[in-house]
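Per our numbering, numbering through the sequence shown is continuous, rising by one, with the last residue being 599.
In this text, a Cβ means the ideal position worked out from N, Cα and C, and glycines have one as well.
The model shown is predicted, which means the values in this text are computed figures rather than measured ones.
Okay, so here's the structure we're looking at.
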Amino acid sequence: MDESAANMTPDTASTDRSRRPWYRPSLTVQIMIGLVVGILMGWLRPEWGNAVYFLRDIFLNLIKSIIGPLVFSTLVVGIAGGGDLRKVGRMGVKAIVYFEIVTTAALFIGLAVVNLTKPGIGVPLVEDATDAIQKIGENHPRTLIETLVHVFPSSVVDSLVRGDILQIVAFAVLFAMAVSAVGEKGKPMLRAMESLSQVMFKLTNYVMKFAPIGVGAAMAHTIGTQGPGVLVSLGNLIFTYYLGLIIFIVLIFGMVMMIARAPVRQFVRAVREPAVIAFATTSSESAMPRAMEAMERLGVP
């Protein structure tokens, strides 16, 4: 590894970013520009907004194609490369407990803020969205037993094709434990997973260069089909989103960062780009590869 790259700290990295020429803005700035251009296009030329909607689908399809291999390879490397499985197991239990506590807190904060601001008022649900909601309700596991059965896939290939993250995670954990258990014979597989992980992160960088166009196309279609008046409701949604986010960060992440002694500025810089992508594309999946890359930079095992 190059010595200058190895010795790079968050401060020097931020200094390098601050020296970026004005004509080469960061990806976050490019996405915001795409957002504004999409709004103007959908407002002034609604037919253009409908015509470019396929670009949004292309972007989301590319993202979905990345998620499965990326999650699988990084989990296998993180678990099998962690050495002592007991240590990895303890870390996994802590992660599950943390996830449950933080998710429950986020749920209560989100419900409180949404009931206070009511951001959905004025945003009509199209027929396709209503049908999609009904299908989700029909296909989603309804009992604890059904959920447990659903976690373990009958075919990991099918899980990767469908992008079922829960099943991919379950299989990756078992696969990583097996790789670690066979010792030296599993080292070639571990190196292959490390290579796959690096390749997928590089592919993520390539796909994210298309994010401003995909985000702009999504916003142009939204404004073109629902009219500029939806911006008022979207503005309320943005306000609700950031209000809930601020409360969550201050109360929950504030305590977590104090306990973990994590740098606040570096954390905010890491999450802002995935947050913008998820909001603009209305898909949390689209932000997942970038979020995983940010977590790796922050040193999350």
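Residue i in three-state terms, based on DSSP
{"i": "Ser-453", "result": "coil"}
{"i": "Ala-480", "result": "In the sequence as presented, Ala is not what sits at residue 480; that position holds Val. Val-480: coil per DSSP, three-state reduction."}
{"i": "Lys-507", "result": "coil"}
{"i": "Lys-385", "result": "helix"}
{"i": "Thr-307", "result": "Because the pLDDT at Thr-307 is just 42, under 50, the model does not fix this residue reliably, and the value given afterwards should be weighed accordingly. Residue state, collapsed to three classes: coil."}
{"i": "Gly-617", "result": "A query on residue 617 cannot be resolved here, the shown segment of the chain reaching from 299 to 599 and no further."}
{"i": "Asp-355", "result": "helix"}
{"i": "Lys-485", "result": "helix"}
{"i": "Ala-515", "result": "helix"}
{"i": "Val-400", "result": "helix"}
{"i": "Gly-527", "result": "coil"}
{"i": "Arg-460", "result": "helix"}
{"i": "Arg-350", "result": "Note that residue 350 is Val in the sequence shown, not Arg. Coil at Val-350, not helix or strand."}
Residue i to residue j span [Cα, whole Å]
{"i": "Leu-549", "j": "Val-400", "result": "11 Å"}
{"i": "Asp-314", "j": "Val-574", "result": "Per-residue confidence for Asp-314 stands at a pLDDT of 46, beneath the threshold of 50, marking its modelled position as unreliable; the derived number appears in the next sentence. Their Cα atoms are separated by approximately 22 Å."}
{"i": "Thr-372", "j": "Thr-523", "result": "39 Å"}
{"i": "Val-447", "j": "Leu-464", "result": "11 Å"}
{"i": "Gly-407", "j": "Gly-542", "result": "Note that residue 407 is Ile in the sequence shown here, rather than Gly. Looking at the two C-alpha atoms, the distance is approximately 7 Å."}
{"i": "Ile-557", "j": "Ala-589", "result": "22 Å"}
{"i": "Thr-307", "j": "Leu-596", "result": "At Thr-307, the pLDDT of 42 sits below 50, so the modelled position is not reliable; the number obtained from the coordinates is stated separately. Rounded to whole angstroms, Thr-307 to Leu-596 spans 11 Å at the Cα level."}
{"i": "Asn-413", "j": "Tyr-540", "result": "15 Å"}
{"i": "Asn-534", "j": "Pro-319", "result": "34 Å"}
{"i": "Thr-520", "j": "Leu-368", "result": "30 Å"}
{"i": "Arg-343", "j": "Gly-527", "result": "15 Å"}
{"i": "Ser-312", "j": "Arg-567", "result": "The predicted position of Ser-312 is uncertain, since its pLDDT is 45 and thus under 50; no value can be drawn from it."}
Buried or exposed by the 16-neighbour rule on C-beta atoms within 10 Å, applied to residue i
{"i": "Thr-402", "result": "exposed"}
{"i": "Phe-537", "result": "exposed"}
{"i": "Thr-441", "result": "exposed"}
{"i": "Arg-384", "result": "exposed"}
8 Å Cβ cutoff met for residue i and residue j
{"i": "Phe-565", "j": "Met-555", "result": "yes"}
{"i": "Ile-511", "j": "Leu-353", "result": "yes"}
{"i": "Val-459", "j": "Phe-469", "result": "no"}
{"i": "Phe-551", "j": "Ala-404", "result": "no"}
{"i": "Ala-509", "j": "Ala-378", "result": "no"}
{"i": "Ile-443", "j": "Phe-370", "result": "no"}
- prompt: Touch check for the region 507-516 and the region 390-402: three-plus C-beta pairs under 8 Å?
  reply: In short, these stretches do not touch, since the Cβ pair count stays below three.
query: Okay, do the region 362-379 and the region 499-514 touch, 3+ Cβ pairs below 8 Å being the bar?
result: yes
message: Tell me whether the region 322-330 and the region 477-495 touch, counting them as touching only if at least three CB pairs, one residue from each stretch, are closer than 8 Å.
response: no
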